[in-house]
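Position one of the sequence shown corresponds to residue 0 (numbering that gives the first Met the number 0), numbered consecutively onward.
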Amino acid sequence: MSHFDLTLELNGKKVTRKIPLRSRLLDALRYDFGLTGTKEGCGEGECGACTVLLSGRPVNSCLVLARQAEGCKVETVESTSTETLRRLNATGTSQCGACTPGIVMTARWLCDNPQTLDLMSLREFMSGNLCRCTGYDGVLSGIECLLDQEEGES
Ligand code: FES
Ligand code: FES
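Below, the structure is given as structure tokens:
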């Protein structure tokens, strides 16, 4: 199998690994860079469990070839501050946690790109992140709480 050197700015550090040519970004992150916080759910762009920020925007890393990320800034759930995780979890937002890394990364994008969203719009915005065991009310309350606190601090 052919390999190539993939260089990323990964969670604030420039890193390079030799990886299989056809790897998905999800696989490169988990198996080559050892960041297993990003989860695979459906593997086909439907559930959002694998969401990371690529050049600042949320993407499903199961749908991105690793080589498309060459030279880019990539942020994964491992770069999330403890305080952000604490605030998101304050409303009991997860059970099995498979969906949580993706939800956290989408919520982080919202914090970095503040906008006024009512509950309906927030629900729609988060509709790409599916949760099969907790339900959404706690998740949405956690995100609202995080956004309110970020707004209060800015
Ligand atoms: S694992 Fe990527 S969207 Fe489901
Ligand atoms: S907490 Fe289990 S899928 Fe969301």
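Note that CB positions come from ideal geometry on N, CA and C, so glycine has one too.
Limits of the beta strand (DSSP E) - the one that residue i falls within
i   : result
L87 : L87 -> not in any beta strand (DSSP E); alpha helix (DSSP H) instead, spanning 81-88.
Which of helix, strand or coil DSSP assigns to residue i
i    : result
D117 : coil
V58  : strand
E77  : helix
E152 : helix
R131 : coil
T6   : strand
Sequence-distant residues of its chain with Cβ nearer than 6 Å to residue i (five each side left out)
i    : result
M0   : P19
R21  : none
P100 : G36, T37, K38, V76
F3   : L20
T15  : D4, T6
G42  : C61
Residue of the options minimising C-alpha distance to residue i
i   : options              : result
C46 : C132, D147, E74, T35 : C132
Neighbour-count burial assignment, residue i, 16 or more Cβ in a 10 Å radius
i    : result
N112 : exposed
R85  : exposed
Boundaries (first-last residue) of the alpha helix (DSSP H) holding residue i
i    : result
D31  : Taken as a continuous stretch (DSSP letters only), D31 belongs to no alpha helix (DSSP H), as it is neither H nor E.
T50  : Not the alpha helix (DSSP H): T50 falls in the beta strand (DSSP E), residues 50-53.
T15  : It is not in any alpha helix (DSSP H) - T15 instead sits in the beta strand (DSSP E) that spans 12-19.
G101 : 99-111
7 Å CB neighbourhood of residue i in its chain, flanking five on each side removed
i   : result
P57 : T50, M104, T105, W108
Cβ-heavy atom distance, residue i to ligand 3, below 6 Å
i    : result
R131 : Ligands displayed in this structure: ligand 1 and ligand 2; ligand 3 is not among them.
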